[in-house]
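Here the structure comes first, spelled out in structure tokens, and everything after it is commentary.
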Amino acid sequence: MKSEVAVAPADTAAIPRQPGWIRRLLRNKGALVGLAILFGWIFVAIFAPMIAPYDPTLTVARARQAPSAEFWFGTDQLGRDLVSRVLYGSRISLSLGLISVTLGAIPGITLGLLAGFYGGWVDTVISRFVDALLAFPSILLALLVIATLGPSLQNVMVAVGVATVPEFARLTRGSVLAIKALPYVDAARVVGAKGLRIMVLHILRNANAPIVVLATLQVGAAILIGAGLSFLGLGAQPPTPEWGLISAEGRQVLRKAWWISTFPGLAILSVVIACNLVGDGLRSALDPKMRNS
Amino acid sequence: MTRYLVHRLLQLVPVLLLISVIIFVMMHVLPGDPAQLILSGAEGGAAGPERLAELRAEMGLDDPLPVQYFRFLSGALVGDFGESIRFRVPVSDLLMDRFASTMTLAVAGLCWSMLIGVPLGMAAAVRQNGWIDAVAMTMSYLGAAMPVYWLGLLFILFFSFDLGWFPPAGGGSIRHLVLPSLTLGLISAGIVARLVRSSMIETLQEDYIRTGRAKGLGEAALLWRHGLKNALIPVVTMLGLQFGGMLAGAVVTETVFSRPGIGRLVVDAILSKDYPLVQGCVLFLAFIYLCVNLFVDVLYAWLDPRIRYEK
Numbered sequence: 699m700k701s702e703v704a705v706a707p708a709d710t711a712a713i714p715r716q717p718g719w720i721r722r723l724l725r726n727k728g729a730l731v732g733l734a735i736l737f738g739w740i741f742v743a744i745f746a747p748m749i750a751p752y753d754p755t756l757t758v759a760r761a762r763q764a765p766s767a768e769f770w771f772g773t774d775q776l777g778r779d780l781v782s783r784v785l786y787g788s789r790i791s792l793s794l795g796l797i798s799v800t801l802g803a804i805p806g807i808t809l810g811l812l813a814g815f816y817g818g819w820v821d822t823v824i825s826r827f828v829d830a831l832l833a834f835p836s837i838l839l840a841l842l843v844i845a846t847l848g849p850s851l852q853n854v855m856v857a858v859g860v861a862t863v864p865e866f867a868r869l870t871r872g873s874v875l876a877i878k879a880l881p882y883v884d885a886a887r888v889v890g891a892k893g894l895r896i897m898v899l900h901i902l903r904n905a906n907a908p909i910v911v912l913a914t915l916q917v918g919a920a921i922l923i924g925a926g927l928s929f930l931g932l933g934a935q936p937p938t939p940e941w942g943l944i945s946a947e948g949r950q951v952l953r954k955a956w957w958i959s960t961f962p963g964l965a966i967l968s969v970v971i972a973c974n975l976v977g978d979g980l981r982s983a984l985d986p987k988m989r990n991s
Numbered sequence: 016m017t018r019y020l021v022h023r024l025l026q027l028v029p030v031l032l033l034i035s036v037i038i039f040v041m042m043h044v045l046p047g048d049p050a051q052l053i054l055s056g057a058e059g060g061a062a063g064p065e066r067l068a069e070l071r072a073e074m075g076l077d078d079p080l081p082v083q084y085f086r087f088l089s090g091a092l093v094g095d096f097g098e099s100i101r102f103r104v105p106v107s108d109l110l111m112d113r114f115a116s117t118m119t120l121a122v123a124g125l126c127w128s129m130l131i132g133v134p135l136g137m138a139a140a141v142r143q144n145g146w147i148d149a150v151a152m153t154m155s156y157l158g159a160a161m162p163v164y165w166l167g168l169l170f171i172l173f174f175s176f177d178l179g180w181f182p183p184a185g186g187g188s189i190r191h192l193v194l195p196s197l198t199l200g201l202i203s204a205g206i207v208a209r210l211v212r213s214s215m216i217e218t219l220q221e222d223y224i225r226t227g228r229a230k231g232l233g234e235a236a237l238l239w240r241h242g243l244k245n246a247l248i249p250v251v252t253m254l255g256l257q258f259g260g261m262l263a264g265a266v267v268t269e270t271v272f273s274r275p276g277i278g279r280l281v282v283d284a285i286l287s288k289d290y291p292l293v294q295g296c297v298l299f300l301a302f303i304y305l306c307v308n309l310f311v312d313v314l315y316a317w318l319d320p321r322i323r324y325e326k
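Here is the structure:
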């Protein structure tokens, strides 16, 4: 009894037991910076009504005031406070990133899982379809969806989601093919596990590392495409404080008021860089091949 | 080589067919009646059901879907994409009108990204972990995370408004081309640099480089003649992908710089619910993209004989 207590070294108590990849992720400087920025924006998004000095859709001052002590980012063409608009914009961009990636990941992963697991004609049909979609710049796919559904923020989420389906399908199919050949899958089959159980419990759970990495990177990409579409007038509509849309509105008065278009762009840049840093960090933390490099 | 070329050309057919099906299905099966869209958009919304039925008949929307698809496909094969609802001229005329402008922009953007990315990547590979390496890495991170339209606006602010070097908007002359193409090029230059860097580092460890050094070749000759030539092979494969990025970027850039082109055309078509024009633009852009990728594959096979003989 006594010896058991003595065996545990004193310092292990201070380090909580974590799966190895979390520790590796937190040791990566880039990923830490990315996580800090992301958590910062998530905080801003949740507490925007408390942090933002003004209502983002109300005229609170003279139009097109340059940045000052009172209005840090200046005011826009309608006299709305730009700081408030940019802060509120994080709610839209972050949810756009998360929702559209979820919308793309669920059908994508399902298709890839079915194709990789069943093989044969199921695989042929799905893979041909996915290849055709991949042979297509994803922006075109997104534009097609918006052309059919009409321009709006919700439809941009659907459009960007649809455009990411083929990527998830291809990646999942590849991982499933590799894992399907492993002995423990045969073992599961031998003890009588059925198709769905093997697919989800034994294959998908072990194939999730690359999928998580792709999803993280895709959140950034989705935010970028979504803002681009809103900039073109195909997404969020005024007076929504969407970052791409704010830049588009500022473009009309760019010569007189540089700040309107500039600050929302900086916000996007920081969020997307953060997603990419975390994605890269996750990749090297989760991928055993990169562990030594 | 001829066999390889024929083989690749034949592969293009099913992909194009599938893409045409996807475009057709998206435009016809998803919720949203094109005739309804046209009436609510172009003709002011207050149209009765008679007008709707009339328009549906006029557009052939009452025919069975396979018949409609066949009509769309046989038209597209001879370059007939129907008539634009908004402009009342054949879609193909509009595409031909804007095609040159968009291609010029995309090719110029690609040139910038090579001109900046390749030397930067080489310098980063030669001086690993030096300051040039840091610049290249930073550029690739920024390029991957920067909204294209935003960089374009910054360029207009700086080069047009502050310095007055280039016009902020319009198309036609070389001076109009500089800022939009540089915007596209810079966005992808970082990615190119990253690829050149890793490929160059690998190449410089090859035996033939050591042999060259042993027989007394200068570092410059090693780098430029023997290193670069081999390091560029994987870069070539990425050209096609980069070109796709240029086309995607053109959709945004043409709006930022008010430059006529297919990208601007398709956005306007979506906003004005001109659905034959949307269909034509997307199919045409996809076709161009596939052709460029085919060209890149052939170029790759020509550069690297190993690919040619494998198949």
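So the sequence lines, in the order shown, correspond to chains G and D. Residue 699 is where the first sequence starts when you use the numbering used here, and the numbers rise one by one after that. Residue 16 is where the second sequence starts when you use the numbering used here, and the numbers rise one by one after that. Backbone N, C-alpha and C fix where the C-beta goes; we use that ideal spot for every residue, glycine too.
Buried or exposed (CB count within 10 angstroms, at least 16 for buried), residue i
{"i": "residue 726(G)", "result": "buried"}
{"i": "residue 89(D)", "result": "exposed"}
{"i": "residue 705(G)", "result": "Here residue 705(G) scores only 43 on pLDDT, less than 50, and its place in the model is too uncertain to base an answer on."}
{"i": "residue 976(G)", "result": "buried"}
{"i": "residue 144(D)", "result": "exposed"}
{"i": "residue 179(D)", "result": "exposed"}
{"i": "residue 921(G)", "result": "buried"}
{"i": "residue 220(D)", "result": "exposed"}
{"i": "residue 222(D)", "result": "exposed"}
{"i": "residue 77(D)", "result": "exposed"}
{"i": "residue 241(D)", "result": "buried"}
{"i": "residue 188(D)", "result": "exposed"}
Best match in the options for proximity to residue i [C-alpha to C-alpha]
{"i": "residue 868(G)", "options": "801(G), 829(G) and 770(G)", "result": "829(G)"}
{"i": "residue 28(D)", "options": "306(D), 192(D) and 292(D)", "result": "306(D)"}
{"i": "residue 984(G)", "options": "908(G), 959(G) and 913(G)", "result": "908(G)"}
{"i": "residue 955(G)", "options": "289(D), 120(D), 176(D) and 236(D)", "result": "176(D)"}
{"i": "residue 799(G)", "options": "855(G), 932(G) and 972(G)", "result": "855(G)"}
{"i": "residue 265(D)", "options": "20(D), 170(D), 202(D) and 121(D)", "result": "121(D)"}
{"i": "residue 838(G)", "options": "853(G), 858(G) and 912(G)", "result": "858(G)"}
{"i": "residue 979(G)", "options": "910(G), 888(G), 755(G) and 870(G)", "result": "910(G)"}
{"i": "residue 26(D)", "options": "308(D), 119(D) and 232(D)", "result": "308(D)"}
{"i": "residue 203(D)", "options": "141(D), 127(D), 235(D) and 172(D)", "result": "127(D)"}
{"i": "residue 254(D)", "options": "93(D), 310(D) and 154(D)", "result": "310(D)"}
{"i": "residue 92(D)", "options": "31(D), 278(D), 274(D) and 289(D)", "result": "31(D)"}
{"i": "residue 893(G)", "options": "814(G), 794(G) and 730(G)", "result": "814(G)"}
Within 7 Å, strictly: CB atoms of residue i and residue j
{"i": "residue 745(G)", "j": "residue 803(G)", "result": "no"}
{"i": "residue 940(G)", "j": "residue 787(G)", "result": "yes"}
{"i": "residue 295(D)", "j": "residue 117(D)", "result": "no"}
{"i": "residue 896(G)", "j": "residue 874(G)", "result": "no"}
{"i": "residue 261(D)", "j": "residue 314(D)", "result": "no"}
{"i": "residue 212(D)", "j": "residue 139(D)", "result": "yes"}
{"i": "residue 267(D)", "j": "residue 931(G)", "result": "no"}
{"i": "residue 801(G)", "j": "residue 742(G)", "result": "no"}
{"i": "residue 192(D)", "j": "residue 115(D)", "result": "no"}
{"i": "residue 96(D)", "j": "residue 39(D)", "result": "no"}
{"i": "residue 754(G)", "j": "residue 791(G)", "result": "no"}
{"i": "residue 210(D)", "j": "residue 251(D)", "result": "no"}
{"i": "residue 772(G)", "j": "residue 760(G)", "result": "no"}
{"i": "residue 870(G)", "j": "residue 824(G)", "result": "no"}
{"i": "residue 886(G)", "j": "residue 736(G)", "result": "no"}
DSSP bridge partner residues for residue i (one or two, in chain order)
{"i": "residue 98(D)", "result": "105(D)"}
{"i": "residue 779(G)", "result": "773(G)"}
Beta carbon proximity, residue i to chain D, threshold 7 Å
{"i": "residue 926(G)", "result": "yes"}
{"i": "residue 953(G)", "result": "yes"}
{"i": "residue 846(G)", "result": "yes"}
{"i": "residue 959(G)", "result": "yes"}
{"i": "residue 970(G)", "result": "yes"}
{"i": "residue 864(G)", "result": "no"}
{"i": "residue 963(G)", "result": "yes"}
{"i": "residue 819(G)", "result": "no"}
{"i": "residue 747(G)", "result": "no"}
{"i": "residue 913(G)", "result": "no"}
{"i": "residue 734(G)", "result": "no"}
{"i": "residue 830(G)", "result": "yes"}
Any chain C beta carbon closer than 7 Å to residue i
{"i": "residue 936(G)", "result": "Absent from the structure: chain C. Protein chains present are G and D."}
Short CB-CB distance (under 7 Å) between residue i and chain G
{"i": "residue 326(D)", "result": "Summary for residue 326(D): the model assigns pLDDT 45, below 50, so the residue's position carries little reliability, and this model does not support an answer."}
{"i": "residue 22(D)", "result": "no"}
{"i": "residue 176(D)", "result": "yes"}
{"i": "residue 259(D)", "result": "yes"}
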